[in-house]
Each structure stands twice: as C-alpha cells, then as structure tokens.
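First residue of the sequence shown? That's -4 in this note's numbering, and the numbers climb one at a time after it.
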Amino acid sequence: MAAHVQRLGPVIAPARDQIAMWLVVPLWCIFLCVGFLARTRLRCLVWFVGANLGAAALWWVLQ
C-alpha cells in the first residue's frame, strides 16, 4: 500500500533550504522586536516593509 504513495518533494532537502528554514524564525523575531521600538506607526510600517524587501532580496540572491 505504501508503494502507491507519491512524494511531493525530494526525500532529502538541500542544505540551502535547511539553512533558510532555520534562519527565518530568528530573523523575523529580530525584525518584530526592532520594529516595535519605533515611535510612530509610520516608522513601524517602514520597518516591516523594509524587512519584507530585505528577506525577498536575500531569498532572490540565494536562489
């Protein structure tokens, strides 16, 4: 019965994907902590947009 099950992805994820997976949580915790230190909502929004752009750029470079 198990022979009929199709896998959705590779059996072993590449090291690059593992590193990205484990770095996401600490990076977002840092971004959230620093973002909430902002004095205004606009600065907080700028921090979050900057964090998203930084994460997207880092992901794009590592691909």
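Even for Gly, the Cβ is constructed at its ideal location relative to N, Cα and C.
Residue state for R38 is assigned as helix, using DSSP reduced to three classes. The Cβ atoms of L57 and A15 lie closer than 8 Å to each other. If the five residues before and after C39 are omitted, its C-beta is found closer than 6 Å to the C-beta atoms of G30, A33, all from its own chain and listed in chain order. For L18, the enclosing alpha helix (DSSP H) stretches over residues 10 to 30. Inter-residue distance for L18 and V44 is about 19 Å (C-alpha atoms, whole angstroms).
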